[in-house]
Each structure stands twice: as structure tokens, then as C-alpha cells.
Amino acid sequence: MNLGIDYDFKNLAIDADGEVIECAVCLDEETKAFKLPSSNCTHFPDVCAGCLAAFLQTEIQTNGNVVIHCSTILSYEDVRNLAGRDDFERFDALLLRAAIGGSTNFYHCQSPGCGSIQEHVGGSEGGQIMICATCGGKTCVFHQLPWHSGQTCKEFDQATKSASKASKARV
20 MNLGIDYDFK
30 NLAIDADGEV
40 IECAVCLDEE
50 TKAFKLPSSN
60 CTHFPDVCAG
70 CLAAFLQTEI
80 QTNGNVVIHC
90 STILSYEDVR
100 NLAGRDDFER
110 FDALLLRAAI
120 GGSTNFYHCQ
130 SPGCGSIQEH
140 VGGSEGGQIM
150 ICATCGGKTC
160 VFHQLPWHSG
170 QTCKEFDQAT
180 KSASKASKAR
190 V
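Using my numbering, the first residue of the sequence shown is number 20, and each one after it goes up by one.
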């Protein structure tokens, strides 16, 4: 797509009318790359690639959503193409959490450092163990804790209750 931008001998961005383009954010006239945030945008690009990247990072880190000032909501593919890897991964994780937030069959892995989310449909007490597809760790979906090896959920509850009583008795 030709954005109608050329560069003069001083490396200044020049629009189709021969006017020097400056970034609407940083006011830099020597910016080498102007980008449209979305393929749905119909306006002339007026923000340099660096400022656009910084804006996306801030939006993802603070809001978890990306709405640009021309009222276009960036698509998943737009964000994938424009954001850095870490920012896109955060955006992707936030979308996933929002999508499954109301479901009772999705659980976070409780293994330290993992936190991935997956569906688990259990039933009997033996169905309370979720084995993480990402790290292989075991989570008790009933207690939302790492799996209590060697104990059923009922035994774990009894042991926890006994430990709590003993702790209170010492105080």
C-alpha cells in the first residue's frame, strides 16, 4: 500500500503535497517510518512507528485493550503485527481470561511460575486433579492449590483444619 509518503534528501517525510510530515506525538520531522495502526483506518498516517509502538505498549499494559484515537478498535491481527512479543503475549492472555471469565470449567495452573489456563471437566474427587498441559504440574481444582499429594480433598481439609486448631491453641 502506498501511503503517499516520500523522503527528501534530508530524510524528512514528505506528503503528496510536498509538505513535511511531522509525527503528531513526538513532532519529529526526521521520522523514517509512519504506519497506519489498522488496515481499517482511512486517514493519512500521522504517527511515527516508534510512537505507535509506545502507545500500544501503554494501552496493553494499563487497559488491556487497544482503542486508537480515530475510534478504530484494533483487531487481533493488527495488535499481533504492531506490538512487541511480550506486549502481544499479555494482550493475548488478557483476551483469553476475558473470554473464559464466566466459565466454571477453566482453571489456572497453580504450579509456581506457570499460571496457564486450561479447561478441566471433573466429577468425582479423583476428577479434582488437573494436570497442566503446559508444565505438567498438578493442581487441585477444588482447592485452587497445587495438588495435595497423598491426600484426598477430604483428608487435606481435615489436615488443614487440625493444623489450624493446633496453631490457634498455641496462641
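Glycine is no exception: its CB is placed at the ideal position from the N, C-alpha and C atoms.
N-terminal and C-terminal residue of the alpha helix (DSSP H) that residue i is part of
i: Q76; result: 68-81
i: L101; result: 95-101
Those residues which DSSP pairs with residue i across a bridge
i: K157; result: I150
i: F125; result: E138
Limits of the beta strand (DSSP E) - the one that residue i falls within
i: E41; result: Per DSSP, E41 belongs to no beta strand (DSSP E) and is neither H nor E.
i: Q137; result: 136-138
Reduced DSSP secondary structure (H/G/I, E/B, other) of residue i
i: L115; result: helix
i: Q177; result: helix
i: F53; result: strand
i: F63; result: coil
i: L164; result: strand
i: D27; result: For D27, the predicted model reports a pLDDT of 42, less than 50, meaning its position is unreliable; a value from the coordinates is still stated below. Note: D27 maps to coil in three-state DSSP.
CB contact flag (residue i, residue j, <8 Å)
i: Q129; j: Q80; result: no
i: I119; j: I136; result: yes
i: A52; j: V66; result: no
i: C159; j: Q147; result: yes
i: L101; j: P165; result: no
i: G156; j: C172; result: no
i: A73; j: K54; result: no
i: D106; j: Q76; result: yes
i: V140; j: N124; result: yes
beta-carbon residue i near the ligand ATP non-hydrogen atom, thresh 7 Å
i: E96; result: Among the ligands in the structure shown, none appear at all, so the ligand ATP cannot be discussed.
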